[in-house]
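In terms of UniProt numbering, the sequence shown is residues 1 to 297.
Where is the CB? At the ideal position from N, CA and C, for every residue including glycine.
Take a look at the structure set out below.
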Amino acid sequence: MFVGPSPPHTPLVNRRNNNHRPRNATVTSALPDIFLAAVSLLFLWSSPKPLVSLPPNRFSFPLNPRRRSITAMSRRSPPPPTQRFANPQSLSDWLESRLPSDSFAAWGVKPGTKNVHNLWLELSDGETSLADSTPPVRTVNVVTVRVIGKNGQILVEAHQELSDGSIRERFRPLSEKMKPEESPDEAVFRAIKEELGSIFNGDGDNIGQRIKILPGTYNRRVEERNSLSYPGLPARYALHSVDATVDGLPEEDFCTEEKEYDGGDSTEDSVETLAAGNAVTVKRHYWKWVSPDSIRS
């Protein structure tokens with residue numbers, strides 16, 4: 001058998017060198033790959049970011065955690081909306097399931113309390129608001145006037161005589177519920193005219209010339225307590241207080257009469273007129289001068 005020439009002999013060292021390239025060759029060939037990766041990352045980083053999809057008008061501020069938590073809290077605890085009622089009966093039906101039955105039954109029956117007609121008139125006039133809660137919370141803005149008299153004495157309302165013949169103890173400075181959009185100064189002049197005007201023998205229209213609000217005496221505070229006029233109904237009072245002088249007031253104890261509610265001539269006021277006829281009203285105010293230390297805080 002013919003045997004051809006054997007293939008050329010390849011040294012073992014050459015075969016090893018062919019299969020395993022030197023280390024420096026591997027590093028050199030990897031450099032372009034690293035460079036390309038770095039360029040790609042730089043391109044991605046500098047490219048415009050896609051906007052995060054959010055519901056429209058959900059946020060109008062930068063998305064930092066602190067502001068988001070504060071805003072979310074304010075949305076979870078919004079001011080409770082006030083309630084509107086067509087007549088006193090609808091208000092009574094709404095309150096009946098939200099107040100203790102024994103407390104609600106005392107309205108207008110217990111001496112010194114008011115009834116549901118009074119509360120409906122307050123709501124209709126915007127003097128009071130009710131939160132839709134159980135129990136409801138009555139919110140009232142009240143102006144308090146510390147009328148300063150001779151020797152620094154303060155005028156207080158000792159008690160009231162109500163239309164049902166009962167006596168309501170007070171012993172506090174002149175106070176009046178504020179009207180909607182009424183400033184404290186406007187409320188002061190109106191309150192003094194309504195509660196003290198009858199002492200001036202028909203000159204109540206010029207009472208504004210007798211009043212002087214003392215500068216720097218305005219103060220505001222908030223109190224939360226159960227209403228004395230409406231048992232079982234929690235109340236939040238925003239109290240606006242000032243000191244004032246009123247020229248021409250008697251120096252001794254005196255009494256003033258409250259002007260009766262005027263329902264107006266329009267038929268649109270018929271519900272209010274009927275409610276006023278059934279409400280418990282103040283007939284007379286009894287006033288006295290006391291030292292400032294004796295007034296309730």
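Fewer than three pairs of CB atoms, one per stretch, sit closer than 8 Å, so the segment 118-130 makes no contact with the segment 238-254. Pairing residue 197 with residue 256, the inter-Cα distance amounts to about 8 Å.
Inside the segment 81-137, DSSP marks whole alpha helix (DSSP H) runs of 4 or more residues at positions 88-96, 101-105 and 116-125, from first to last along the chain. The C-beta of residue 108 has 16 or more other C-beta atoms within 10 Å across all chains shown, which makes the residue buried. With a cut-off of 8 Å on Cβ pairs, the segment 216-228 is not in contact with the segment 279-292, counting fewer than three such pairs. When the Cα atoms are used, residue 143 and residue 254 turn out to be separated by approximately 22 Å.
Residue 162 sits in a strand when the DSSP states are folded into three classes. By a beta-carbon distance limit of 8 Å, residue 157 contacts residue 174. Their separation comes to about 6 Å. Sequence-distant partners of residue 148 (beyond 5 residues in either direction) whose C-beta falls short of 6 Å from its own C-beta, in its chain, are 243 and 245. With respect to the C-alpha of residue 118, the residue from 274, 159 and 145 having the closest C-alpha is 274. For residue 271, the secondary structure class from DSSP, reduced to helix, strand or coil, is helix. The criterion of a C-beta distance shorter than 8 Å is satisfied by residue 234 and residue 137. Rounded to the nearest whole angstrom, the CA to CA distance from residue 182 to residue 193 is 15 Å. Counting only runs of 3+ residues, the beta strand (DSSP E) found wholly inside the segment 174-254 occupies 211-213, 219-226 and 234-246, in chain order. Shown here, residue 259 sits in coil according to DSSP, grouped into three states, outside any helix or strand.
When the beta-carbon positions are compared, residue 232 and residue 104 come within less than 8 Å of each other.
Between the C-alpha atoms of residue 290 and residue 92 there is a straight-line separation of about 40 Å. DSSP links residue 288 through a beta bridge to 156. Residues 173, 174, 188, 191, 192, 242 and 244 of the same chain have their beta carbon placed closer than 7 Å to that of residue 145, with the five preceding and five following residues left out of the count. If you draw a straight line from the Cα of residue 216 to the Cα of residue 155, it is about 19 Å long.
In the DSSP secondary-structure assignment, residue 148 is bridged to 154.
When rounded, the separation of the alpha-carbon atoms in residue 166 and residue 177 is 21 Å. Beta-bridge analysis with DSSP links residue 280 to no other residue. Taking the C-beta atoms as reference points, residue 139 is found no nearer than 8 Å to residue 230. Beta-bridge partners assigned by DSSP to residue 167: 161. Its chain contains 148, 242, 243, 244 and 245 as the residues whose beta carbon lies nearer than 8 Å to that of residue 214, once the 5 sequence neighbours on both sides are disregarded; these appear in chain order. Residue 135 places its beta carbon 8 Å or farther from that of residue 84. Excluding the 5 residues flanking it on each side, residue 288 has same chain C-beta neighbours closer than 7 Å at 156, 158 and 253, in chain order.
Apart from the 5 residues on each side of it in sequence, residue 212 sits with its Cβ closer than 7 Å to the Cβ of 244 and 245 in its chain, given in chain order.
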